[in-house]
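The sequence shown begins at 0 in numbering that gives the first Met the number 0 and counts up by one.
Every residue, glycine too, gets a C-beta built ideally from N, C-alpha and C.
Please read these numbers as outputs of a predicted model, since none were measured by experiment.
Accompanying notes for the structure given below.
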Amino acid sequence: MERPASGEVLMSQAIQPAHATARGELSAGQLLKWIDTTACLAAEKHAGVSCVTASVDDIQFEETARVGQVITIRAKVTRAFSTSMEISIKVMVQDMLTGIEKLVSVAFSTFVAKPVGKEKIHLKPVTLLTEQDHVEHNLAAERRKVRLQHEDIFNNLMKESSKFDDLLFDEEKGAVSTRGTSVQSIELVLPPHANHHGNTFGGQIMAWMETVATISASRLCWAHPFLKSIDMFKFRGPSTVGDRLVFTAIVNNTFQTCVEVGVRVEAFDCQEWAEGQGRHINSAFLIYNAADDKENLITFPRIQPISKDDFRRYRGAIARKRIRLGRKYVISHKEEVPLRIHWDISKQASLSDSNVEALRKLAAKRGWEVTSAVEKIKIYTLEEHDVLSVWVEKHVGSPAHLAYRLLSDFTKRPLWDPHCVSCEVIDWVSEDDQLCHITCPVLNDDKPKDLVVLISRRKPLKDGCKTGIQ
């Protein structure tokens, strides 16, 4: 195993039965505690003073760790601002019988330095030693912008979603209420739950949130759900030893094999507890899957909002999903071979037929979710096995044959599609099938992206039938 780099903190933990769920998997709450502890120690190593968790970015769990395996967590400061720091966290799991290591998650959190008394502090800059250090340092500023803009983006999406409420709710068939998924729990913060400067561990609060959220999700599917991701959240206020923390969780919405659970945390000291006036210190949104006894993902029932608060939470879940999908396929750190098929001229006919058949099957799949409906344009998404498909639909006042001719000519696509810089026909496989080389614009000073695509076109059998372009 690599030695920790300068400024890096390394934690290794053997997963014991006490750390596991009923499925024999590492509890997500336990992992969150380890992550927060490691990140805090990395922040304090750089700052030289006590630090507290301010916020946590989206966390995607790519792999599951089990009893008997070893978890390794590496954390380091990527960039220091005036009083806050961004910490990068990389979590790996190793099977001790095979020695194989897999990536569990890459996450980023923000910590704030807490000087003693009224002392002012200005954090020293991070020493950049490698090219990767420089890359992460530059990206940290971009991620900070995302955090600062998150609330505004969410509010704008909520306003937009209210414009197509009728479309959303008219489509709900066989939906269920979420009232039976409401869960409340209380915890008394004791010294073991607090860090070395008296505040409740951020990781401990996250672990308690995960517990009540899991119970809530299980009441919808009556199975053992497992955590797949957590949306970006921030700590709104502190909690200290002696506080009573009240956790309230409820299912907000479902998306085929995923369910979003919202958790609200309120803190009470003795006086506030007697008066019933708590402090809202955190809200988080956790995404779960659940599997049957054959390890196939369970499809959750659709949700039917009833009260005004139900509708607010329902729409909020849709807005967060739109944000989540936009980030997930950018920040996922899974090292996978890109989806591709090797071209074989001897099989070009079967490949072309398969291309068209794949599009027809994709269009016929159940589970397409409306994620946007603005200015007569509807956008649907379908997520299966970590593959995101997008369906854009717009009704236009043009004859079908004209719309087909304009859309099926990919060489003209750069005229109307900003995501396509050029499209050149490499080879005509047949009259309706061609290989094209497409180039995409450069984004964020990244390398140019291009791809070779097999485009298969099939004319409609008669007017009014849908056409296929893949």
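- Distance between I58 and E135, taken at the CA atoms: about 17 Å.
- In the three-state DSSP reduction, S181 falls in the coil class, being neither helix nor strand.
- Cβ neighbours of S217 within its own chain (closer than 6 Å, five residues either side excluded): P224.
- When DSSP reads this structure, A112 sits in a beta bridge with C50.
- Runs of the beta strand (DSSP E) spanning 3 or more residues and lying entirely within the segment 371-447 occur at 376-383, 386-393, 421-427 and 432-439, in chain order.
- If you compare the alpha carbons of E150, D449, A316 and D352 with that of R457, the shortest gap goes to D352.
- Nearest C-alpha to A212 among V420, I297 and S26: S26.
- Residues of the same chain with a CB within less than 8 Å of the CB of H195, apart from the 5 flanking positions on each side, are S49 in chain order.
- With distances taken between CA atoms, V250 lies nearest to G315 out of L358, G315 and H192.
- Counting along the chain, I14 sits inside no beta strand (DSSP E), nor does DSSP assign it H or E at all.
- Each residue's CA atom was taken as its position, placing K89 and S429 some 49 Å apart.
- In the displayed model, T82 falls within coil according to three-state DSSP, outside both helix and strand.
- By the CB criterion at 8 Å, E374 and L285 fall outside the cutoff.
- Nearest C-alpha to E383 among N288, S176 and T410: N288.
- If you draw a 10 Å sphere on the C-beta of E186, you find 16 or more other C-beta atoms in it, and that means buried.
- A straight line joining the alpha-carbon of M95 with that of V66 spans about 11 Å.
- By the criterion of a C-beta distance shorter than 6 Å, G236 is surrounded in its chain by R278 and I280, once the five residues flanking it on both sides are discounted.
- In the displayed model, K227 falls within a strand according to three-state DSSP.
- Proximity to N354 across F310, Q303 and D431 peaks at D431, based on C-alpha coordinates.
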